[in-house]
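Asks:
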Amino acid sequence: MISAIEYNVEHHLFQNKKRMSEQCDDIKTKQYVKDNVENNKKIDEQQNCCKESYNEDKEKNNHNCIDGIYTEDIITKKKKCNNDNITEEGENMNVQNLESLQNDGNGVIELGCGLGQISKYLFSKYKNMTGIEIDSRALSIISRTMPGFDFIHDDVLQINYKELSINKKTKLTIIGNLPFYITSQILFCLLDFHKYIEQAIVTIQYEVGERIVAKPNQKNYSILSILFHLFTYPYLLFKIPSKAFYPVPKVQAAVMKIIFKNHESYYKHINCNLLFLKKILKYSFQQRRKKLKSSLKNLLIQYNIPKLPEQFINLRPQQLYPYQFVELTNLLFPLQNYPFNPNIHTKVWRKKKHGD
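In the UniProt record's numbering, the protein residues as written are 1 to 356.
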């Protein structure tokens, strides 16, 4: 048996430990609340900024406008707000007018439908949608719980989205909760089929989303940033708390909306040999801190190109806008000398083992 003194000492230590734990939890809670309040405040300010800018632009009835982007804004490089990848085209888009959502959602494609947690809500509205799932056990359950649901038993990286679009006679709306470990490869795969996709609404790792919407001279500016600003309008909509997933991931997630540039007027801006654009991006960002004259040196030697164009010599890759990489590609590898046929070179951005 312990003495009264020993008991009092142990009891006192226990109470102190309990009190310190409660104080620590209280501090963490207050900090969490503070962070969320500050974050929400920033989001509100950003949204208000976008709305004010949007209303200002709507009043410019006398200015030339191409697909919702005012030429005056392009010339002056007007920065609307922090999230300046938001364009009037995206804000003003009526989802009911999307080709892929017509005919009971004939063009709606869900990637990785699993047990149908998202599918059941989509299927209630879009009866002609299609799900893609590689797990036969999951599909066995869906076929019983969702009679009439159309699905394809295959890997999302192996699907030919061009054929899918042609068979459905419409462009596609891609929806999915993308696995974090293959997010980039799925996105690259969609880029290879950009002409057949109208939009994508996907859940991705928040850090990947930040890289996609990043601008020149920002820390996260990368190959993803350049490609998705060349081929799409990317929007990072909102974060999803980690506790919304099971098992709980160690990283944050976010919902992203990607509107693909399918107008013919945009193709002239990316009229270059995409295979060489890929090489230039790869060499440039492998040594992103170096100037292009150093990072592209081996590529120039490989193709017997004497030197880099003067205007690019002292620039670093993070300083170039996406279309400047297209310009550089055409200067180094002009199409008349290095032709590119998109009907032959169908696999550019994804890995060779992915897809047909």
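Here a beta-carbon is modelled for each residue, glycine too, at the ideal position from N, C-alpha and C.
Does the beta-carbon of residue 176 have 16 or more other beta-carbons within 10 angstroms, so that it is buried, or is it exposed?
Replies: Residue 176 is buried by the Cβ-count criterion.
Asks: Quick check on the burial criterion: 16 or more other C-beta atoms within 10 angstroms. Buried or exposed for residue 211?
Replies: So residue 211 counts as buried.
Asks: So, with DSSP's three-state summary, where would you put residue 69?
Replies: The pLDDT assigned to residue 69 is 30, lower than 50, so where the model puts this residue is not dependable, and the model offers no usable value.
Asks: Check whether the stretch 279-295 and the stretch 322-331 touch, using three or more Cβ-Cβ pairs below 8 Å as the test.
Replies: Result yes; three or more Cβ-Cβ pairs closer than 8 Å.
Asks: Just the C-alpha distance for residue 354 and residue 135, rounded to the nearest angstrom, thanks.
Replies: Roughly 18 Å between the two C-alpha positions.
Asks: Around the Cβ of residue 248, are there at least 16 other Cβ atoms within 10 angstroms (buried) or fewer (exposed)?
Replies: Burial call: exposed.
Asks: Would you call the stretch 333-342 and the stretch 230-244 touching, i.e. three or more CB-CB distances under 8 Å?
Replies: The stretch 333-342 is not in contact with the stretch 230-244.
Asks: Under 8 Å Cβ to Cβ from residue 105, same chain only, skipping five residues before and after it: list those, please.
Replies: Counting only Cβ-Cβ distances below 8 Å, and skipping sequence neighbours, we find 122, 125, 126, 127, 128, 129 and 173.
Asks: With a CB to CB cut of under 7 Å and the five nearest residues on each side skipped, what residues in its chain are close to residue 190?
Replies: Correct list, in chain order: 174, 197 and 200.
Asks: If you count every other CB in all the chains shown that lies within 10 Å of the CB of residue 350, and 16 or more means buried, which is it?
Replies: So residue 350 ends up on the buried side.
Asks: For residue 155, which of helix, strand or coil comes out of DSSP?
Replies: DSSP places residue 155 in coil when its eight states are reduced to three.
Asks: Mind checking which residues open and close the beta strand (DSSP E) that includes residue 297?
Replies: No beta strand (DSSP E) holds residue 297; the alpha helix (DSSP H) holding it covers 297-302.
Asks: Alpha carbon to alpha carbon, how far is residue 166 from residue 102? Give it in angstroms, no decimals.
Replies: Near 15 Å, if we compare the C-alpha coordinates of residue 166 and residue 102.
Asks: Pairing CB atoms from the stretch 225-239 with CB atoms from the stretch 293-305, are three or more of them under 8 Å?
Replies: They do not touch, by the three-pair rule.
Asks: Which residues does DSSP pair with residue 235 in a beta bridge?
Replies: The partner list for residue 235 (beta bridge, DSSP) reads 257.
Asks: If we count the other Cβ atoms within 10 Å of its Cβ and call it buried at 16 or more, is residue 304 buried or exposed?
Replies: Classification of residue 304: exposed, given that the 10 Å Cβ count is below 16.
Asks: For residue 222, I'd like the list of residues in its chain whose CB is within less than 6 Å of its CB, leaving aside the five on either flank, ordered along the chain.
Replies: Taken in chain order, the residues that qualify are 211.
Asks: So for residue 118, helix, strand or coil by DSSP?
Replies: In this structure, residue 118 counts as coil in the three-state DSSP scheme.
Asks: Please classify residue 111: is it buried, with 16 or more other beta-carbons within 10 angstroms of its beta-carbon, or exposed?
Replies: Flag for residue 111 reads buried.
Asks: In angstroms with no decimal places, state the Cα-to-Cα distance between residue 266 and residue 324.
Replies: Taking the straight line joining both Cα atoms gives about 15 Å.
Asks: How many Å lie between residue 86 and residue 319 at the Cα?
Replies: At residue 86 the pLDDT is 30, less than 50, meaning the model places this residue with poor confidence and gives no usable figure here.
Asks: Excluding the 5 residues preceding and the 5 following residue 217 in the sequence, name in chain order all residues of the same chain whose CB lies nearer than 7 Å to its CB.
Replies: For residue 217, where only same-chain residues beyond five positions count, the Cβ hits under 7 Å are 318 and 319.
Asks: If you reduce the DSSP assignment to three classes, tell me which class residue 319 lands in.
Replies: Residue state, collapsed to three classes: helix.
Asks: Would you identify the three-state DSSP class for residue 192, choosing helix, strand or coil?
Replies: Reduced to three states, the DSSP call for residue 192 is helix.
Asks: Could you give the distance in angstroms between the alpha-carbon of residue 301 and the alpha-carbon of residue 139?
Replies: Cα to Cα, the separation comes out at about 52 Å.
Asks: Let me confirm a value: residue 245 is counted as buried when at least 16 other C-beta atoms fall within 10 Å, else exposed. Which label applies?
Replies: Per the 10 Å Cβ criterion, exposed.
Asks: Are the beta-carbon atoms belonging to residue 152 and residue 183 less than 8 Å from one another?
Replies: Cβ distance not < 8 Å, so residue 152 and residue 183 don't count as in contact.
Asks: Taking 7 Å as the limit between beta carbons, can you name the residues of its chain near residue 43, skipping five residues before and five after?
Replies: Confidence is the limiting factor: at residue 43 the pLDDT is only 42, short of 50, which leaves the residue's position unreliable, though a coordinate-based value still follows. Closer than 7 Å at Cβ, skipping near neighbours: no residue.
Asks: Just to confirm my understanding: we take residue 316, look at its own chain, exclude 5 residues before and 5 after, and list those with CB closer than 6 Å. What are they?
Replies: These residues qualify, in order along the chain: 291.
Asks: Which residues bound the beta strand (DSSP E) around residue 111?
Replies: Per DSSP, residue 111 belongs to the beta strand (DSSP E) from 108-111.
Asks: Could you say which of 314, 285, 179 and 334 lies nearest to residue 274 if we only look at CA atoms?
Replies: Ranking 314, 285, 179 and 334 by Cα distance to residue 274 puts 334 first.
Asks: If the criterion is Cβ atoms closer than 8 Å, does the pair residue 161 and residue 193 meet it?
Replies: Yes; because the gap between Cβ atoms is below 8 Å, this pair is in contact.
Asks: By the three-class DSSP mapping on this structure, what secondary structure does residue 33 have?
Replies: In this prediction, residue 33 has a pLDDT of 43, which is less than 50 and means its spatial position is unreliable; what the coordinates show is noted afterwards. If DSSP states are grouped into helix, strand and coil, residue 33 belongs with the helices.
Asks: If I follow the unbroken beta strand (DSSP E) through residue 101, where does it start and stop?
Replies: Unbroken run through residue 101: none, as it is neither H nor E.
Asks: Where do the ends of the beta strand (DSSP E) carrying residue 170 lie?
Replies: It is not in any beta strand (DSSP E) - residue 170 carries neither H nor E in the DSSP assignment.
Asks: Just grab the DSSP bridge partners of residue 131 for me.
Replies: Beta-bridge pairing links residue 131 to 110 and 151.
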